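> Attaching a single structure in structure tokens format; questions to follow.
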Amino acid sequence: MIREPISRRDFLKACLATITLSFPVLTPEFEAKPVIEKAKLYKFGKKIPSICIYCAGGCGVLATVLDNGILEIEGDPEHPINEGALCSKASAYYQSIYNERRLLQPLKRTNPRKGENEDPMWVPISWDEAFKIISEKVKIAMEGFPYKDNKDNYYRIGRDCPVASLGSAYFNNEECYLIKKMMSLLGSLNVEHQARKCHASTVVALANTFGFGAMTNHVIDAKNSKVFLILSNPAESHTMEFRWVTRAKERNNAKIIVLDPRYHRSASKADIYVRYRSGSEAIIFLGLIRYLMYEKPERIDWKYVEERTNAPYDLDGNKLDDWKTNKNSIFNKLKEIVGKFTPEEVERVSGIPKEKFYEIAETFTSLKPGNIYYAMGTTQHTNAVQAIRAQAILQLLLGNIGVPGGGVNALRGISNVQGSTDMNVLSHVIMGYRVPPRNLDDVRRYQKWKNTKPEERGGVPGGVPYPWSSIEEAAAQNKADVFRWDDRMFPTWNALEYHWGIYVGTWPGKDPDNEPVVCDLPIGTGNAIVQLFRAVMDGRIKVLFIFGENPVVSMPNANFIKESLKKEGLFTVVCDVFETETAVFADILLPGTFRIEREGSVTNTGRWIQWQWKAVDPPIEKYKGQPMNELILITEIFNVLRKNAGVKTPSELFEAEKGVSIKRVIGGVEVENNVDECWPSRFGRDAESIYKEICYKYGALKVGTAVLPQAPANIIYRDAYDPDPKYSSIGGILAKRRDRTPVDEEDAKYGYFKNWAFSWMRNQRILYNSKETQSYPPVNQFFTWWAHNPKVWLGWDKAALWSQPLYDPTKPAHDPRKYGFPLHNEPLESPDPNLAKEYPTMWDHTLIKDVVWFDIITKEIKRGKDEVIGKGEFPYILTTFRLAEHMQTGALTRNLAWLAELQPEMFVEISPELAKSLNVKTGDYVILKTARNITGIKVKAMVTERIKPLKINGKIIHEVAVPWHWGFKGLVTGASANDLTIDCVDLSANIPEYKVCLCSIEKV
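Numbering (the working numbering), first residue to last: 34 to 1037.
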């Protein structure tokens, strides 16, 4: 238990002493006062707007503040998304702020033993002591991290860095940006967060089909839809978003189709509800594409397909006049691929009856615009990228992309998970979805790019410029791939040289092919999230920062995570608001704050970048007399690492060892640029300054007399900061805008709310909507940079039915990458041996060699491809789901009395048919076991018709479902579903296959 010098209760009393009114949930005593007195104080309170901390809907909340205390948190009636309404979680937000379970000061572990049942024996320490301990551990870890090779090139390999960071989608954009900036300056690409586990497959699938890996439309736009195909449960997991679905039903007579293995609150609102087998999402959409192409071709939007997709081309990029009939066209290759996915085959594999499939297909393809909503039920599979690609292709054929009411709309699950993803808190990208240098040749080519104008770039004469003036000219010489990649990546590297105070290039830059490389950006790619914990277990990671994430509950095969966090020699720092299950394994535990206690920007699922204002100071221990928050925390950690741990960049080490001074020339002007002057930002130390660095208006930032080629550090956030005097009242921060006035008739008609906050890119509210804006580069068009032959440039506005980056003809015949089109593949743990043979899994054991799984064909438990470690029977499918009353791992809800009372304990949903065969009734305890957990977890059974058996390949298959919100810490506790789940991943996105594994059930 936590040892403190004062009790939480006394601390909270002191925090609230200036507030004269006590009413329910305001103080720990819960004293009641006359309603009239409450109303009086409420009247004098100041209303501070903020954004909800729970799902990514981006709902507005108002805090009523008096004397630095919050009286109430309510929905913001002016906010366009939620219009004052709140879901059950947000309604309990207040209980988070004044909560006896909050962490209040830094803590140090004194028990050297780690484990679920070990008391950390925390002792309070000061912030300075915490920073000192952290810096000492990082210094030791970094001592063996190479920064040069035997050819005198100075750089670091990002995967080899012994320091890693995990989290956080709960932080603001500015804080996420600083995490990425700090870790990059350390030379680390071992940086991951929640996005890898929720929508990594969305990013890969949609980026390689449309151009951007994001929700195509926005939350309010659902009101413009005429039909919905929903593969999630937004009524519970995205409640305010679902209000716009029901509004479309009320006002447009929109039809709602819900597909889900479970019947739930969203299904209760559906015109058509159909259950299916988890893991068969791809074949459902392949069947719908086949239905459209073979049975209802008149419903294809032929003009749209011809003008805006690569369907009329062959695989070499040649446009075919007879593409509708030519067997070599992408259109007809797709038609050939989907030909076998008949309604009968869809029924055999997914369990959807043929007549119900036809009802779905007829309804969805006959009404326009149609909207596809999906979430984790689609994204968390080994073939998730392929399933989402199939959704996207269906929508392209129907002309439902880039139009109000249409889209492929990924519902993101954490308040700023879109923003944290945009800040590239991931292992394979650097900023703005651009990649870091992949190798030294990339850096040498970048130096040539900088030398394009020798008198202005790099400060040296004689650089070798590229010989092409445009991508079209490069394409004519079969060099479009070089031009296209460079033109996309290099401006961002150049902007980071300026904003981060670093150097990337060769020195002195006169002969890039032969000079030493000096590169401060980490090279290569890091460890994705499942592989990251393998690196921890192997001892390659020595220091692990975990910011606002709870992997002990959220990671698949969670018992492996617990073992890795016990690894001798690992030093773990956790920052959170409560003592989570992961915090129990920490060496240093730092208190975090809630969003309403700090300011900054957050980005919702529909790409709206919104500002949230600070309402009150957090109650945690101050730092140097000032309120501490996550922005200051990250800033000070890096300051201490520079001062005490001697952390230096490769260019600084090059200068010291070679006795030279590297000229840093940005935008043609030599700048006195160094890391310390640019940390946390060259514009200042507050959230507004860092926002400015991220979002600066393109073309508006001067370096001396020259204009910086790329002003914003993050290109997709360009123009969200605008220094134009007309925005002086909000300091140029367009995320602060709260004006509901439409900008034009289009805005008024469809409800874009373009004067409210800002949306990337360039305030485009519906991606690829050619009628919304006109700009260059044309962000209102498709631009799948790598979706075709890389040496051929098809021009703007070509979405990819066939995707070149997802094409590898050397793959085996069952692998969809062999064709560049989606196919159906079974999960690694398929429930049917014949289907496992007919549709082999995409999983490749060479990616992660020690995954434990049950082979349905041999009935063996295996580790890796061939090692047999046991026998077993796991006849049932296990899937996971979320509840309206809880958030993810439960840390932000299981510690709140209101929500804990509504959903107090873990359970498993079992159909009446399966329950009868097991002699189980509601309330009985059962043991759930999987290949990864043969001792199992004990949970209560809930016998319900919300889940039913399905006929799969001629036999009855039972599926059971468990919520995954519980763990061993909190106000209410319970077994963790992820102690059972499997940790194989989608090969293209590295997202784990949470939604399908095989289990057994035993009555206790």
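In this text, a Cβ means the ideal position worked out from N, Cα and C, and glycines have one as well.
Note that the structure is a prediction, hence the values are computed from the model and not measured.
Given Ala746, which residues of its chain have a CB within under 7 angstroms of its CB, disregarding the five upstream and five downstream residues?
So the list reads Met464, Ala528, Leu529, His532, Glu726, Ile727, once near-sequence residues are dropped.
> What separation, rounded to the nearest whole angstrom, lies between the Cα atoms of His414 and Asp100?
For His414 and Asp100, the distance between alpha carbons rounds to 50 angstroms.
> Please state the DSSP three-state secondary structure of Glu934.
Helix, per DSSP.
> Beta-carbon separation of Val585 and Lys595 under 9 angstroms?
In contact: Val585 and Lys595 (Cβ atoms closer than 9 angstroms).
> Are there 16 or more other CB atoms within 10 angstroms of the CB of Ala125, so buried, or fewer, so exposed?
Looking at its Cβ environment, which holds 16 or more other Cβ atoms inside 10 Å, Ala125 is buried.
> Is it buried or exposed for Glu1026, if we count other Cβ within 10 angstroms and need 16 for buried?
That one is buried.
> With a threshold of 7 angstroms on Cβ separation, who are the neighbours of Pro937 within its own chain once the five nearest residues in sequence on each side are excluded?
Same-chain partners within the cutoff: Val1005.
> Using the rule of at least 16 other Cβ atoms within 10 Å of the residue's Cβ for burial, across every protein chain shown, is Asp455 buried or exposed?
The residue in question, Asp455, is buried, as its Cβ has 16 or more Cβ neighbours within 10 Å.
> Tell me whether Asn952 is buried or exposed, calling it buried when 16 or more other Cβ atoms sit within 10 Å of its Cβ.
The residue is exposed, with fewer than 16 neighbouring Cβ atoms inside 10 Å.
> Pull the bridge partners of Met975 from the DSSP assignment, please.
Note: Met975 sits in a beta bridge opposite Glu942.
> May I ask which residues mark the beginning and end of the beta strand (DSSP E) holding Glu107?
Unbroken beta strand (DSSP E) run through Glu107: 102-108.
> Answer yes if the stretch 834-844 comes into contact with the stretch 852-859, meaning at least three C-beta pairs across the two stretches below 8 angstroms, and no otherwise.
In short, these stretches touch, since the Cβ pair count reaches three.
> I believe Ala561 touches Ser460 by the beta-carbon criterion, under 8 angstroms. Please report the beta-carbon distance rounded to the nearest angstrom.
Confirmed, about 5 angstroms.
> Taking all protein chains shown into account, decide if Glu340 is buried (16 or more other Cβ within 10 angstroms of its Cβ) or exposed.
Exposed.
> According to DSSP, is Pro624 helix, strand or coil?
Three-state DSSP puts Pro624 in a strand.
> Please report the distance separating the alpha-carbon of His226 from that of Ala240.
Straight-line Cα distance between these residues: approximately 19 angstroms.
> Does the stretch 922-940 touch the stretch 1006-1015, meaning 3 or more C-beta pairs lie closer than 8 angstroms?
Touching, yes.
> Classify Leu1031 as helix, strand or coil using the three-state DSSP reduction.
Three-state result, Leu1031: strand.
> Since Lys256 and Gly639 should fall inside the 8 angstroms C-beta cutoff, what is the C-beta to C-beta distance between them, to a whole number of angstroms?
The pair is not a contact, with the Cβ atoms about 13 angstroms apart (cut-off 8 angstroms).
> Compare the Cα-Cα distances from Leu675 to each of Asn707, Trp644, Arg697 and report the closest residue.
Checking the displayed sequence, the identity of residue 675 turns out to be Arg instead of Leu. Residue Asn707 is the option with its Cα nearest to Arg675.
> Val606 and Glu151 - do their beta-carbons sit closer together than 9 angstroms?
No, Cβ-Cβ distance for Glu151 and Val606 is not below 9 angstroms.
> When you compare only the Cα positions, how much space is there between Arg567 and Trp886?
Taking the straight line from one Cα to the other gives about 17 angstroms.
> So what does Glu992 bridge to, in DSSP terms?
Ile910, per the DSSP bridge assignment.
> Between the Cα of Val156 and those of Leu136, Met175, Asn511, spot the shortest distance and give me the residue it belongs to.
Cα-wise, what sits closest to Val156 is Leu136.
> So for Leu800, helix, strand or coil by DSSP?
Correct three-state label for Leu800: coil.
> Helix, strand or coil for Ile970? Go by DSSP, reduced to three states.
Ile970 falls in the strand class under three-state DSSP.
> DSSP three-state label for Ala96, please.
Three-state DSSP puts Ala96 in a strand.
> Within 10 Å of its beta-carbon, does Ala820 have 16 or more other beta-carbons around it, so buried, or fewer, so exposed?
Residue placement at Ala820 cannot be trusted, given a pLDDT of 41 that sits under 50; the coordinates are not used to answer.
> To the nearest angstrom, how far is it from the Cα of Asp474 to the Cα of Trp518?
Roughly 13 angstroms between the two C-alpha positions.
> From which residue to which residue does the alpha helix (DSSP H) around Ser124 run?
Counting along the chain, the alpha helix (DSSP H) containing Ser124 begins and ends at 121-124.
> What is the DSSP secondary structure of Val708, counted as helix, strand or coil?
Correct three-state label for Val708: coil.
> If you reduce the DSSP assignment to three classes, tell me which class Met570 lands in.
Three-state DSSP puts Met570 in a helix.
> Suppose contacts are defined by Cβ-Cβ distances below 9 angstroms. Is Tyr909 in contact with Val993 by that definition?
Cβ atoms of Tyr909 and Val993: closer than 9 angstroms.
> Can you tell me whether DSSP reads Arg467 as helix, strand or coil?
Strand.
> Kindly indicate which residue of Phe374, Ile629, Glu663, Ala303 has the alpha-carbon position closest to the one of Glu207.
The shortest C-alpha separation from Glu207 is found at Glu663.
> Are Lys904 and Glu918 closer than 9 angstroms when you measure CB to CB?
No, these two residues do not count as a Cβ contact at 9 angstroms.
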